[in-house]
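Protein chains in written order, with this note's numbering: chain G, 19 to 234; chain C, 56 to 486; chain Y, 51 to 325.
C-beta: ideal position from N, C-alpha, C; glycine also.
Only a predicted model underlies this, so the values are computations on that prediction, with no experimental measurement involved.
Single-structure report; data block below.
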Amino acid sequence: MKREIPLFVTAAVGLFMILSFFVPHQAVSVPADFLQQSAIIIVAFGIVLGGANLLRVNLEAVVRRQPGWTYKLVLIAGLVVTVALGLIEGRDFQAAGTRSTWIYDQVYSSMSSAMFALLAFFIASAAFRAFRIRTTEAALLAVAALIVMMGRVPLGGVLTAGLPHELRIETLAQWILDVPQNAANRAILIGAALGVMATGLRVILGIERSYLSGED
Amino acid sequence: MPHVEHGGRHDGRDRVQHRAGLTAAVVLVSLLALPARSQVTAVSGAPLVVVPEPAAAKPPVPAPVPGAFQAPRPARGLIWKDVPDDAGRAVDLSWESSPDDGIQLVDGYYLMRSESPGGPWTLVDSVTARVATCRDQSTSLRRDVAYFYRVDAYGPGGVTPAGSVTGPAIASSQWFNHTRLSVLLLTMLFFAFVLFFIQSAQGEGKKPFLRRIPGIDAIEEAIGRATEMGRPVLYVPGVQDIEDMQTVQALIILESVAKTTARYETPIKVPVSYPIPFTIAQEMVKSGYVHAGRAEQYDPESVQFVSPEQFAYVAAITGVMMRDKPGAHIFLGAFFAESLLLAEAGHATGAIQVAGTANAGQLPFFVVACDYTLIGEELFAASAYLSGEPKLVGSLKGADLMKIAIILLVVVGCVIETFGQHGLTQWLATQ
Amino acid sequence: MSLAAFFERLDRRWIYVIMALLVLVPLLWPLNLPLEASPPVRAYHDAIAALPPGSTVLMSCDFDPASRPELEPMTRTTLRQLFRKHCKVVVVVLYPGGARLVDGIVQDVARENRQVDGVDYVNLGYKAGNEAVMVLMGQSIAGTFPRDHSGRDVTGLPIMQSVRNYSSCALLVSLSVGYPGTKEYVQQVQGRFHIPIISGVTAVSAPTLYPYLQTGQLSGMLGGMAGAAEYEDLRLERGMASRGMDAQSLAHLFIALCIVLGNLAQWERKRKEAA
Chain G
19 MKREIPLFVT AAVGLFMILS FFVPHQAVSV PADFLQQSAI IIVAFGIVLG
69 GANLLRVNLE AVVRRQPGWT YKLVLIAGLV VTVALGLIEG RDFQAAGTRS
119 TWIYDQVYSS MSSAMFALLA FFIASAAFRA FRIRTTEAAL LAVAALIVMM
169 GRVPLGGVLT AGLPHELRIE TLAQWILDVP QNAANRAILI GAALGVMATG
219 LRVILGIERS YLSGED
Chain C
56 MPHVEHGGRH DGRDRVQHRA GLTAAVVLVS LLALPARSQV TAVSGAPLVV
106 VPEPAAAKPP VPAPVPGAFQ APRPARGLIW KDVPDDAGRA VDLSWESSPD
156 DGIQLVDGYY LMRSESPGGP WTLVDSVTAR VATCRDQSTS LRRDVAYFYR
206 VDAYGPGGVT PAGSVTGPAI ASSQWFNHTR LSVLLLTMLF FAFVLFFIQS
256 AQGEGKKPFL RRIPGIDAIE EAIGRATEMG RPVLYVPGVQ DIEDMQTVQA
306 LIILESVAKT TARYETPIKV PVSYPIPFTI AQEMVKSGYV HAGRAEQYDP
356 ESVQFVSPEQ FAYVAAITGV MMRDKPGAHI FLGAFFAESL LLAEAGHATG
406 AIQVAGTANA GQLPFFVVAC DYTLIGEELF AASAYLSGEP KLVGSLKGAD
456 LMKIAIILLV VVGCVIETFG QHGLTQWLAT Q
Chain Y
51 MSLAAFFERL DRRWIYVIMA LLVLVPLLWP LNLPLEASPP VRAYHDAIAA
101 LPPGSTVLMS CDFDPASRPE LEPMTRTTLR QLFRKHCKVV VVVLYPGGAR
151 LVDGIVQDVA RENRQVDGVD YVNLGYKAGN EAVMVLMGQS IAGTFPRDHS
201 GRDVTGLPIM QSVRNYSSCA LLVSLSVGYP GTKEYVQQVQ GRFHIPIISG
251 VTAVSAPTLY PYLQTGQLSG MLGGMAGAAE YEDLRLERGM ASRGMDAQSL
301 AHLFIALCIV LGNLAQWERK RKEAA
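The structure is reproduced here in structure tokens:
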């Protein structure tokens with residue numbers, strides 16, 4: 019029963035939600051809306067669960083003086099201070115001038131932007147290493163990448179301003195995005211969607227059940 | 056795409072699930088036979104009741120300026136229609152505009168509703184001039200309750216109620232959304248393909264053929280290399296929560312990977328971004344060790360919850376890469392902007408990297424920086440490929456056949472669109 | 051030393067230094083390169099321009115500080131265009147970590163255009179739930195967001211008196227960095243509720259949304275900082291995105307050079323090995 023009950027619940031709820039897409043009647047739509055709202059609540063509770071686990075694991079590491087424990091202490095301090103300030107400041111914790119807002123603007127926002135900005139450096143070193151033309155396909159990839167990269171910035175337009183409109187790099191870049199790229203994206207989208215549906219069907223019908231618990 | 060032939064082990068217990076799926080399909084089909092209520096009762100109504108100008112609560116409107124403008128002439132011909140394919144929450148109204156509409160005597164129309172032809176009237180909506188339709192979908196509208204409607208023209212000269220009301224208008228719910236028939240048929244076709252091939256694969260009793268997928272074969276190679284180097288394996292199951300099917304798939308594959316690492320006695324590290332996948336990942340790794348007969352070597356600390364925050368998660372993983380220097384990196388699941396950071400930082404450590412995602416926008420970064428990449432649905436084929444179970448492999452064949460059906464539909468659709476026939480496109484467009 | 055040997059030995063940090071300089075210098079000394087709007091950007095602009103004045107527009111701002119350089123300029127310029135058309139703007143946030151940032155931008159642009167909070171616009175704040183929230187808004191936006199970002203009861207706000215669900219809105223503007231975002235709105239909302247959708251996304255997400263643009267499920271799209279800059283140019287503004295395009299131009303040129311030089315080094319090495 020340990021596995022059969024979750025399997026049954028998964029099948030029942032999964033099929034019901036599929037049904038709700040086709041059946042507008044209140045006998046189906048009202049419970050389906052309730053389930054969707056419940057999903058929102060469960061997701062929100064999950065954050066609490068995760069925070070508690072984070073504290074437990076990192077506190078243990080600090081107490082046991084595991085390697086890198088000082089960084090874990092910084093993590094715990096950051097978590098506790100941010101939550102405490104938010105609680106103290108109450109409902110208006112997001113208002114201008116609060117300490118929570120200061121943490122968001124000066125710490126979170128800055129660090130988040132810095133991490134995203136690292137992509138620029140990594141793509142430069144990746145491009146240098148990875149766009150090596152060894153095959154015909156690699157050559158097509160490199161040429162398309164060059165055209166789209168230069169076509170999407172004004173410098174590309176300046177460099178090809180003297181050419182006819184059809185041969186300008188921004189026109190070529192737009193054609194690559196509109197036609198071959200679009201076709202390939204659609205194919206991957208359809209294939210991935212079928213993969214999702216097949217996996218979903220296997221999970222709903224209990225054919226794929228290892229996610230429940232691997233132990234028999 | 057994987058090419059599958061028949062064959063597979065027989066497992067009678069699973070016939071129950073297949074029957075459940077077929078039963079569900081039958082239920083869906085039978086819904087088509089259920090008459091929608093609006094087909095049995097009147098769908099639209101002409102004005103059924105004529106009453107003199109009612110004396111009822113008037114809607115708010117600025118007081119007319121005496122002598123400056125005259126009150127607009129009334130609108131007429133109000134008719135109602137139950138909105139189809141809904142849960143009885145809306146009624147469509149249309150009318151003939153006031154003859155004074157368009158000559159600045161009409162600013163708009165008020166839609167009034169009552170439960171009896173004589174009132175009291177409640178304002179439910181208003182529209183501007185030159186608009187002669189309105190949908191009543193106010194939260195106060197109750198299904199299967201008879202209402203009467205009236206439309207009042209208003210302008211600078213005052214408000215003029217219509218000479219007649221329409222009703223009884225009833226918002227009723229339907230059992231089937233007919234605009235989604237095409238989706239239903241294609242979905243059932245897909246389910247039928249998958250279930251048929253699952254059943255036939257089991258019936259034949261032998262493992263079906265799957266074409267080689269180098270990225271999945273490379274997973275075991277990567278684990279082997281990490282073992283030779285005496286380094287752990289880093290497995291990242293994506294940055295999304297459990298509702299994303301890619302995360303579910305990544306966690307399923309994790310069990311196979313954990314079983315292999317347990318067999319090779321190689322440590323595995325699994326940083327997870329959300330709490331629910333974290334608990335499932337712990338179970339998957341433990342199960343892998345149990346199935347490999349190495350339950351005593353399972354380390355609960357090998358799976359760690361990190362953070363749902365995308366860049367905090369990737370910062371933690373790159374920290375693990377730099378400090379612990381895993382010999383193999385396996386990135387399977389849903390990834391976004393952090394994909395390049397992970398792959399490029401991982402490349403700098405010299406580890407062998409295998410990645411797989413269905414997020415098409417991130418595939419180029421993995422292709423560029425990783426040794427092997429599973430593209431799109433190859434990720435969803437991985438669990439079937441690794442386990443070799445006939446019912447899982449059979450489902451791949453069903454998905455392949457559906458792809459062929461979609462290709463045929465695309466070709467046929469392109470041809471008939473070229474000849475100016477839009478019926479198929481319109482039928483496929485969902486509402 | 052041969053080209054191949056030079057690049058083999060080159061410390062990648064030199065590449066990072068050059069990239070940093072190429073981004074920093076144009077920000078300090080702008081090149082003012084000319085911009086020309088691409089068709090998806092024109093369509094985005096025209097979709098807003100075609101709105102009747104006074105229309106209600108739902109704006110879903112689903113981004114966080116990490117994607118600020120690309121999405122903040124789009125948000126500001128879009129809000130300005132909407133406010134100048136006297137549109138009522140209802141803002142929602144489905145992306146965690148973005149609520150505070152989005153509120154700051156909305157208040158800033160509203161103040162600049164003398165719009166009144168609760169009358170001309172409202173920020174309903176963040177709600178967890180992803181697609182479930184999108185579908186629930188189809189029934190009732192006020193029911194899904196009972197309180198706005200400041201904690202006020204939305205049913206008492208003048209702007210919300212005429213806003214029920216998607217059918218009350220003439221347009222949905224989705225400015226998103228990933229998930230949940232435009233793709234989910236197209237999948238869950240566009241087909242069911244028939245509301246026109248225009249979108250602003252990061253450059254990396256833009257190619258994946260071109261199929262929806264081509265089928266008309268999206269009425270217009272801004273792709274990354276380039277799209278934001280082209281949109282600013284159409285609106286005769288010179289904002290953050292326009293200034294950033296000079297830096298992005300040089301960065302792209304440098305990456306293109308890296309690709310070319312890397313291949314030249316590889317060919318030289320192959321030639322030597324063959325010899």
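Residues that residue i contacts on chain Y, provided the C-beta gap is smaller than 9 Å
| i | result |
| --- | --- |
| residue 391 (chain C) | 227, 228, 229, 254 and 255 |
Endpoints, alpha helix (DSSP H) assigned at residue i
| i | result |
| --- | --- |
| residue 290 (chain Y) | 290-324 |
| residue 330 (chain C) | 330-346 |
| residue 148 (chain Y) | Counting along the chain, residue 148 (chain Y) falls outside any alpha helix (DSSP H), and DSSP gives it neither H nor E. |
| residue 202 (chain C) | Counting along the chain, residue 202 (chain C) falls outside any alpha helix (DSSP H), though it belongs to the beta strand (DSSP E) covering 201-210. |
| residue 250 (chain C) | 236-259 |
Cα-Cα separation, residue i to residue j
| i | j | result |
| --- | --- | --- |
| residue 54 (chain Y) | residue 70 (chain Y) | 24 Å |
| residue 63 (chain C) | residue 448 (chain C) | Legend: pLDDT at residue 63 (chain C) = 29, less than 50; position of this residue unreliable, no value from coordinates given. |
| residue 86 (chain C) | residue 235 (chain C) | Interpretation of residue 86 (chain C) is limited by its pLDDT of 40, a score under 50 that renders its predicted location unreliable; the figure taken from the coordinates is listed afterwards. Their backbone Cα atoms lie some 12 Å apart in a straight line. |
| residue 276 (chain Y) | residue 245 (chain C) | 41 Å |
| residue 176 (chain C) | residue 208 (chain Y) | 23 Å |
| residue 129 (chain G) | residue 297 (chain Y) | 21 Å |
| residue 231 (chain C) | residue 47 (chain G) | 11 Å |
| residue 152 (chain C) | residue 131 (chain C) | 7 Å |
| residue 383 (chain C) | residue 346 (chain C) | 22 Å |
| residue 109 (chain C) | residue 174 (chain C) | Summary for residue 109 (chain C): the model assigns pLDDT 38, below 50, so the residue's position carries little reliability; its value from the coordinates is reported in the next sentence. Their backbone Cα atoms lie some 7 Å apart in a straight line. |
| residue 135 (chain C) | residue 220 (chain C) | 10 Å |
| residue 138 (chain Y) | residue 164 (chain Y) | 13 Å |
| residue 224 (chain Y) | residue 362 (chain C) | 26 Å |
| residue 196 (chain G) | residue 397 (chain C) | 29 Å |
| residue 227 (chain C) | residue 266 (chain Y) | 32 Å |
| residue 99 (chain C) | residue 218 (chain G) | Low confidence applies here, because residue 99 (chain C) scores a pLDDT of 36, under 50, leaving its location unreliable; read the following figure in that light. Computed Cα separation, rounded: 41 Å. |
| residue 376 (chain C) | residue 96 (chain Y) | 48 Å |
| residue 126 (chain C) | residue 186 (chain C) | 18 Å |
| residue 237 (chain C) | residue 380 (chain C) | 52 Å |
| residue 283 (chain C) | residue 181 (chain Y) | 45 Å |
Chain-ordered chain Y contacts of residue i [CB-CB under 7 Å]
| i | result |
| --- | --- |
| residue 415 (chain C) | 258 |
Within chain G, partners of residue i - CB distance below 8 Å
| i | result |
| --- | --- |
| residue 309 (chain Y) | 145, 146, 149, 160, 163 and 164 |
| residue 337 (chain Y) | Summary: the structure shown does not reach residue 337 (chain Y), with chain Y confined to residues 51 through 325, and so no result is reported for it. |
Extent of the continuous beta strand (DSSP E) run through residue i
| i | result |
| --- | --- |
| residue 189 (chain G) | Per DSSP, residue 189 (chain G) belongs to no beta strand (DSSP E); it is in the alpha helix (DSSP H), 187-196. |
| residue 137 (chain C) | 131-137 |
| residue 224 (chain C) | 221-225 |
| residue 294 (chain C) | Taken as a continuous stretch (DSSP letters only), residue 294 (chain C) belongs to no beta strand (DSSP E), as it is neither H nor E. |
| residue 167 (chain G) | That residue, residue 167 (chain G), is in no beta strand (DSSP E); its alpha helix (DSSP H) goes 154-169. |
| residue 249 (chain Y) | 247-251 |
Under 7 Å by beta carbon: chain G residues contacting residue i
| i | result |
| --- | --- |
| residue 427 (chain C) | Simply none; closest approach about 14 Å. |
| residue 266 (chain Y) | What residue 266 (chain Y) touches in chain G: nothing, since even the nearest Cβ is about 14 Å away. |
Chain D residues whose Cβ lies nearer than 9 Å to that of residue i
| i | result |
| --- | --- |
| residue 454 (chain C) | Among the protein chains in the structure shown, which are G, C and Y, there is no chain D. |
7 Å Cβ cut-off: residues of chain C touching residue i
| i | result |
| --- | --- |
| residue 155 (chain G) | Here the premise fails: no neighbours, minimum Cβ distance about 11 Å. |
Contact set between residue i and chain C, taken where Cβ atoms lie within less than 9 Å
| i | result |
| --- | --- |
| residue 77 (chain G) | By Cβ distance, chain C contributes nothing, its closest Cβ being about 13 Å from residue 77 (chain G), past 9 Å. |
Residues that residue i contacts on chain Y, provided the C-beta gap is smaller than 8 Å
| i | result |
| --- | --- |
| residue 35 (chain G) | In chain order: nothing, as chain Y lies at least about 11 Å away. |
Requested in this report: Decide if the stretch 197-211 of chain G is in contact with the stretch 291-306 of chain Y; the criterion is three or more beta carbon pairs, one per stretch, under 8 Å apart.
Outcome: no
Query raised in the report: Unbroken alpha helix (DSSP H) runs of length 4 or more, entirely within the stretch 165-199 of chain C: which are they?
Result: none
Query - Length-filtered (3 minimum) beta strand (DSSP E) runs lying within the stretch 395-460 of chain C - result: 407-412 and 427-430
Query raised in the report: Are the stretch 182-198 of chain Y and the stretch 71-90 of chain Y in contact at 8 Å, needing three or more beta carbon pairs?
Result: no
Query raised in the report: How do the stretch 310-323 of chain C and the stretch 404-424 of chain C stand: do at least 3 beta-carbon pairs fall below 8 Å, yes or no?
Result: no
Query raised in the report: Would you call the stretch 108-122 of chain G and the stretch 262-277 of chain Y in contact, with 3 or more CB pairs under 8 Å?
Result: no
Query raised in the report: For the 8 Å Cβ check, are there 3 or more pairs between the stretch 452-464 of chain C and the stretch 205-219 of chain G?
Result: yes
Query raised in the report: Considering only residues of the stretch 147-234 of chain Y, which uninterrupted alpha helix (DSSP H) runs meet the minimum length of 4 residues and lie entirely inside it, listed in chain order?
Result: 149-162, 181-187 and 191-194
Query raised in the report: Is there contact between the stretch 170-188 of chain Y and the stretch 126-141 of chain Y, where contact requires at least three CB pairs shorter than 8 Å?
Result: yes
Query raised in the report: Quick one: any contact between the stretch 171-180 of chain G and the stretch 143-155 of chain G, if contact means 3 or more CB pairs under 8 Å?
Result: no
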